[in-house]
Amino acid sequence: MFDTAQHIASRGPFLVCKEVLPSMRRRGSGSILFSNNAKSLRGTKRKTGESLYYPRVMMRTLSQVLTEEYSEFGVHVANIVIDGLIDSPGTRELAKAKDNPDAIINPEKIAEAFFIYIVKIRRAGPMNSS
């Protein structure tokens, strides 16, 4: 279970960034948004040895490191916390989704919010200027 969580939450984002960041740096612009969950900020104890929140913390740390390394080159990196259930076939099968189907978040709405966020960041201009 750890390997799967690790590959999804930290190794995958790392490999994507490894491919796209060099061209963003050369161009002097770009945005990378990490879609994370609240467990990246605060873990919750399960049974001892069963917590799988640390890969999400690793994703958050990756975004923080990349912000430090690439903001001076005009690349914006953000760890965006989505504190809720994102709609998917697997999510719909969860007990808390069945108990409260209105709490499920439409992924298209998340994509729209990400787009609006990027537009606002571009309008605001570089964050690293004096």
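The numbering of the sequence shown is the working numbering, which starts it at 1 and goes up by one.
For each residue, glycine too, the CB sits at the ideal point set by N, CA and C.
- The residue among 28, 116, 97 and 56 with its C-alpha nearest the C-alpha of residue 39 is 56.
- Judged by their CB atoms, residue 33 and residue 81 are not nearer to each other than the 8 Å cut-off.
- With contacts defined by Cβ atoms closer than 8 Å, residue 97 and residue 105 do not form a contacting pair.
- The Cβ atoms of residue 77 and residue 61 do not sit closer than 8 Å to each other.
- Check the Cα spacing between residue 21 and each of 75, 125 and 10: the tightest is with 75.
- Residue 100 has no beta-bridge partner at all, per DSSP.
- In the DSSP assignment, residue 113 falls within the unbroken alpha helix (DSSP H) covering 107-124.
- The beta-bridge partner set that DSSP reports for residue 31 consists of 76.
- Of the candidates 112, 31, 53 and 6, the residue whose Cα lies closest to the Cα of residue 37 is 53.
- Judged by DSSP in its simplified three-state form, residue 15 adopts helix.
- Note on residue 1: under 16 other CB atoms within 10 angstroms of its CB, so exposed under the neighbour-count rule.
- Residue 13 sits buried, since 16 or more C-beta atoms from the chains shown fall within 10 Å of its C-beta.
- Ranking 107, 88 and 25 by CA distance to the CA of residue 69 puts 25 first.
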